[in-house]
Amino acid sequence: MLKFYNTRTRSVDSFKPLEGNTVRMYCCGPTVYNYAHIGNLRTYIFEDLLYKTLKRAGYDIIHEMNVTDVGHLTSDGDEGEDKMLKGAEREHKSVLEIARKYEDAFFTDTKALNIRRPDIVCRATEYVQDMIAFVQKLEEKGYAYVSGGNVYFDTAKFKTYGDFAHLDLENLRHGARVDTDDQKRNPTDFVLWFTQSKFENQILTWDSPWGKGYPGWHIECSTMAMKHLGDTLDIHCGGIDHIPVHHTNEIAQSEALLGHRWVNFWLHGEFLTLKNEKMSKSSGEFFTLSLLEKKGYSPLHYRYLCLTAHYRSQLVFSYENMDSAKATYENLKNKVLELKKAKDTPLETDEEKSKAYLDEFNGYLFNDLGTPQALTIIYAVLKDKDLSSAAKLKLIEDFDTVLGLGVSEFKEEKLDIPEEITALAEKRVQARANKDFAQSDALRDEIASLGFEIKDMPQGKYEISKK
RNA sequence: GGCCGGUUGGCAGAAUGGCUUAUGCAGAGGAUUGCAAAUCCUUUUAUACUGGUUCAAUUCCGGUACCGGCCUCCA
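3 is the number of the first residue of the first sequence in my numbering; add one for each residue after it.
Here's what the structure looks like:
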């Protein structure tokens, strides 16, 4: 019934858990040296939709996500500084304080976006002993070697290295953008354990059989996923940028250790892009959720924008698009509020119609998370004349358990209207009754200049709202 | 150089071998209103170019152009 695009097979495949009804899902999490940008957050919105869709289809899910607080912190600057260390120096805090600060910030952002917190959130620094054991096993099996003080994974020993990402190993431009490491046997080899830090003043280090050091980046995901979810995963997700390197390396080390396939379904979220530049933590304009909030958009406006595009399509970010998403979202909110106020009687057609809409909605969603099409069902429901308001509301609230737009929390905003405004409004009612429209308009302008908007209702009534 | 993806209306973004190419935003017209706002109704506008397959292509295949992403920092 469920179908997802699987990067491993490069096709849309029917999904079924490997064992029973439980889905074991691992998602690559944030590196916590700075705030997440909205491109990062798009991926977590995608993973949240995936989780909720699986749940809707009736599965139990164990959802794990890592927090990278060590080991994957090189910058793209010329000198390769430790991002965590740099952040710590900048803010006069310890490395771990920085990690915790941005971890908290990350979960504040995801909560605001209605992203469910994964069942298991694991910090790399708390599993270093397991990583060491993992590397030791790779060494025993002959997949690892020590060179220049660091432990490397020997990609030449893993015959299918690069197949996953369709890498053409002969034609990769090694060192095109990053300094080459001449300690490696093969250009694609990667560090499992560092004792020779590229950085001065490496602060977080642990004792290991190879000397005091710290783990390479890729090892953390394999180690923690195996520790919590066992020898095979149903689903592993992340951003599309992880395909050629991070996930390729995870597969190499995990399958080298296990001797069998590690992950059944690989799902990857496409990038949020900017018109003329790259969305990046380390260059260009840095778009955070709080920046959007400063500009007058709510986190859920952004979530709505993400839903309008399929997760495997690049989505171009612009304020024009944000405005559109915001307008749509606010319209939707008003319509839902009207449904909540409406007191009409149920219709005979309700049940049958509701089921048809539900099936249609699920059909789109279960087909590789077709959120753009699923959204159209909301508007079909709203326009349907053969559905009662109660039935419409019930449907939309049900859709929202996946979409996460906060429908059940939509409330009429109780405004504290200053007496001054109420007085002006009452004065205006009088003016209108006397057909003194010049004064009436002047009063409306005055109310507007004080930041309130007045709408006339039938029978001389009015509504005041904040501008 | 290699790998991956894309090009649909003013904007975003779906879908499809034939039937009016969704939906939202924006625009236009109308209803309503003293005028507005809100709401409701109606509505204009699009498949990059080029060969091929086919009774029929926007859809499938090939080529061209352009765009984006990645090639060991990235979601």
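All C-beta atoms, glycine included, are put in the ideal place defined by N, C-alpha and C.
Every value quoted in this text rests on a predicted model; they were computed, and no experiment measured them.
Buried versus exposed, by CB contacts within 10 Å (16 or more), residue i
i, result
"P32", "buried"
"V318", "exposed"
"A440", "exposed"
"I419", "exposed"
"H244", "buried"
"A254", "buried"
"Y381", "exposed"
"T9", "buried"
"P374", "exposed"
"P120", "buried"
"G298", "exposed"
"N152", "buried"
"Y321", "exposed"
"P144", "Strictly speaking, residue 144 in this sequence is Gly, with Pro absent from that position. Exposed."
"M459", "exposed"
"T55", "buried"
"D111", "buried"
"N333", "exposed"
"A376", "buried"
"T162", "exposed"
"A227", "buried"
"E81", "Residue confidence is low: E81 scores 39 on pLDDT, short of 50, so the model does not pin down where it sits. Its coordinate-derived value is still stated next. Under this definition E81 is an exposed residue."
Close Cβ partners of residue i (< 8 Å) along its chain, the five nearest in sequence each way excluded
i, result
"K5", "V14, D15, S16, F17, F368, N369 and D370"
"V431", "G462 and Y464"
"S356", "L389, A393, K396 and L397"
"D400", "L360"
"F454", "I419, I423, I466, S467, K468 and K469"
"S448", "A small correction: the amino acid at residue 448 is Glu; Ser does not occupy that position in the sequence shown. L426, listed in sequence order."
"Y61", "P19, N23, T24 and V25"
Contacts around residue i, its chain only, beta-carbon distance under 7 Å, and the 5 residues preceding and following it disregarded
i, result
"E362", "I379"
"F192", "Y154, F155, G218, H220 and N251"
"E414", "L339"
"M133", "P217, I221, E222 and T225"
"W264", "T234, L235, I253, S256 and E257"
"S210", "I134 and W195"
"V486", "Residue 486 lies beyond the residue range present for the chain, which begins at 3 and ends at 469; the question has no answer from this structure."
"G513", "Within the shown structure, residues of the chain are numbered from 3 to 469, placing residue 513 beyond reach of any answer."
"E49", "C29 and C239"
"L171", "G164 and T190"
"L206", "V72, V97, T127 and Y216"
"A146", "V137, L140, V153, Y154, F155, D156 and L194"
"I47", "L115, I117, R305 and C308"
"G150", "Q185 and Q198"
"K335", "F412"
Extent of the continuous beta strand (DSSP E) to which residue i belongs
i, result
"K139", "Segment V130 to E142 is the alpha helix (DSSP H) holding K139; no beta strand (DSSP E) there."
"M67", "D62 to V69"
"D458", "F454 to D458"
"D236", "L235 to G241"
"F192", "F192 to F196"
Close beta carbons around residue i, own chain, < 6 Å, minus the five adjacent residues each side
i, result
"R434", "S442"
"A59", "L4"
"S390", "D346, P348, L349 and D352"
"P301", "A114, L115 and L291"
"A107", "Y37"
"A327", "H303, Y306 and L307"
"Y477", "Because residue 477 is not part of the residues shown, which for the chain are 3 to 469, the question remains open."
"A158", "N188"
Strand pairing of residue i, partner residues [DSSP]
i, result
"T275", "V318"
"S13", "N8"
"K468", "F454"
"S149", "N152"
"V265", "L235"
"V409", "Beta-bridge pairing links V409 to no other residue."
"R26", "I64"
"W208", "G215"
"H249", "Paired residues: none, contrary to the question."
"H270", "G240"
Host alpha helix (DSSP H) of residue i (start-end)
i, result
"R44", "I40 to R58"
"R125", "Segment I122 to R125 is the beta strand (DSSP E) holding R125; no alpha helix (DSSP H) there."
"G31", "Run containing G31: none; DSSP gives neither H nor E here."
"A114", "V97 to A114"
"F368", "D352 to F368"
"R305", "P301 to L309"
"E295", "L291 to K296"
"P374", "T373 to K385"
Taking only runs of the alpha helix (DSSP H) that begin and end inside the segment 411 to 449, which ones reach a length of at least 4 residues, in chain order?
421 to 435
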